[in-house]
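Structure first, then comments.
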Amino acid sequence: MNQTIPASLLELIYLVIEQIPSGQVSTYGEIAQIVGRGSDGRMVGKALASLPKEHQHKVPWQRVINREGVISTGSARQRELLLAEGVPFDAQGRVILARCRWRGPSPKWAAEHMVQTLAEREEGEQLSLF
DNA sequence: GAATTGACGGGGC
DNA sequence: AGCCCCGCCAATT
Numbered sequence: 395m396n397q398t399i400p401a402s403l404l405e406l407i408y409l410v411i412e413q414i415p416s417g418q419v420s421t422y423g424e425i426a427q428i429v430g431r432g433s434d435g436r437m438v439g440k441a442l443a444s445l446p447k448e449h450q451h452k453v454p455w456q457r458v459i460n461r462e463g464v465i466s467t468g469s470a471r472q473r474e475l476l477l478a479e480g481v482p483f484d485a486q487g488r489v490i491l492a493r494c495r496w497r498g499p500s501p502k503w504a505a506e507h508m509v510q511t512l513a514e515r516e517e518g519e520q521l522s523l524f
């Protein structure tokens with residue numbers, strides 16, 4: 395049985411991902427940061443790679459991409475789903491994280507589920523004035 | 001038990 | 001931008 399990551403941790407990772415609103419995205423690393431418990435980006439990737447069929451309809455796996463705004467799987471399907479949600483892409487096919495990055499769970503939700511909120515980042519992210 | 005791998009990330013150059 | 005190296009941690013070989 396490949397229940398490698400404790401079921402509770404897997405469920406927690408899925409639970410956090412379920413909080414990402416449509417039209418927004420997060421990264422593997424940030425999900426891990428929220429989950430805490432010694433998890434890291436690779437583990438989040440592992441969790442999604444082994445996402446059970448019965449969870450696919452409720453876990454918005456497509457909203458988790460890498461820090462470069464690139465769809466790690468290269469999946470055209472994933473890209474379509476994001477486009478349909480209104481996620482902005484640049485000319486090079488990368489998600490414009492500066493415009494649609496999920497800010498993480500509310501302090502209240504985080505406290506209720508014993509997870510972390512995203513540390514305030516002072517986005518040096520240039521808001522390109524197109 | 002060691003080495004490799006992976007839907008990763010940060011930092012340096 | 002690109003490239004490279006290192007840390008991370010569980011699963012697999």
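Heads up, my numbering is the position in the first sequence plus 394, with the first residue counted as 1. We treat Cβ as the ideally placed atom computed from N, Cα and C, and that holds for glycine.
Check, Outcome
"Mapping the DSSP letters down to three states, classify R495 as helix, strand or coil.", "strand"
"Looking at C-beta atoms only, is the number of pairs between the region 422-433 and the region 452-470 that lie closer than 8 Å three or more?", "yes"
"Ends of the alpha helix (DSSP H) at V410?", "401-411"
"Which one or two residues does DSSP pair with I459 in a beta bridge?", "T421"
"Output needed for D484: all residues of its chain with C-beta closer than 7 Å, excluding positions within five of it in sequence on either side, in chain order.", "I490"
"For P499, count neighbouring Cβ atoms within 10 angstroms of its own Cβ and tell me buried if that reaches 16, exposed if not.", "buried"
"Closer than 7 Å by C-beta to G480: which residues in its own chain qualify, once you throw out the five before and the five after it? Chain order, please.", "G417"
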